[in-house]
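*Asks:* Provided herewith is a single structure, encoded as structure tokens, for subsequent inquiry.
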């Protein structure tokens, strides 16, 4: 199964980008041994539209265009479920074992994801009830994906 993070906005050079890349590379090392075909990040520029509805719509169209057919969609949504790392790992492992070709993680822009994308998502997850900048959500998501791989591999990184 291939994992793709589709995110509105770009990470600029700096500590967030370095940390995101570190977790992505760590996943690559362990993920292949677990049957994952890679982890990539697809950045989509923020819409420049003046009104919120148009921005959300334009960003949703760009995200939708980046989702291959028959993919599992996971929405990062502040109103989503708070799931623990072990549950997240089991879910990724289950999808991999079911032969899902692609799992796409969608991170919206400042205005969030469109209701249509939220409905299409098989899973909506949140990192607590706080609102996080999309740059931080990306880093936290990549860390959780790496952590899930270590849990599936029985690696000591995760100590719960």
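In our numbering, the protein residues as written are 619 to 778. Backbone N, C-alpha and C define an ideal beta-carbon position, used for all residues, glycine too.
For residue 646, which residues from the same chain have a beta carbon less than 7 Å from its beta carbon, with the 5 sequence-adjacent residues on both sides left out?
*Replies:* The answer, listed in chain order, is 656 and 657.
*Asks:* Helix, strand or coil for residue 705, going by three-state DSSP, please let me know.
*Replies:* Residue state, collapsed to three classes: helix.
*Asks:* Which word fits residue 665, buried or exposed, when buried means at least 16 other C-beta atoms lie within 10 angstroms of its C-beta?
*Replies:* Answer is buried; the Cβ neighbour count reaches 16.
*Asks:* Do residue 634 and residue 753 have their C-beta atoms within less than 7 Å of each other?
*Replies:* Yes. Within cutoff.
*Asks:* Starting from the C-beta of residue 690, find all residues in its chain whose C-beta is less than 6 Å away, skip the five residues before and the five after it, and write them out in chain order.
*Replies:* The answer, listed in chain order, is 713, 718, 721 and 740.
*Asks:* So the alpha helix (DSSP H) residue 654 belongs to, where does it begin and stop?
*Replies:* Run containing residue 654: none; DSSP gives neither H nor E here.
*Asks:* From which residue to which residue does the alpha helix (DSSP H) around residue 629 run?
*Replies:* Where residue 629 is concerned, there is no enclosing alpha helix (DSSP H), given that its DSSP letter is neither H nor E.
*Asks:* Opposite residue 723 in the DSSP bridges: which residues?
*Replies:* DSSP, once it has assigned bridges, lists 623 and 692 as partnering residue 723.
*Asks:* If you draw a straight line from the C-alpha of residue 628 to the C-alpha of residue 663, how long is it?
*Replies:* Each residue's alpha carbon lies about 7 Å from the other.
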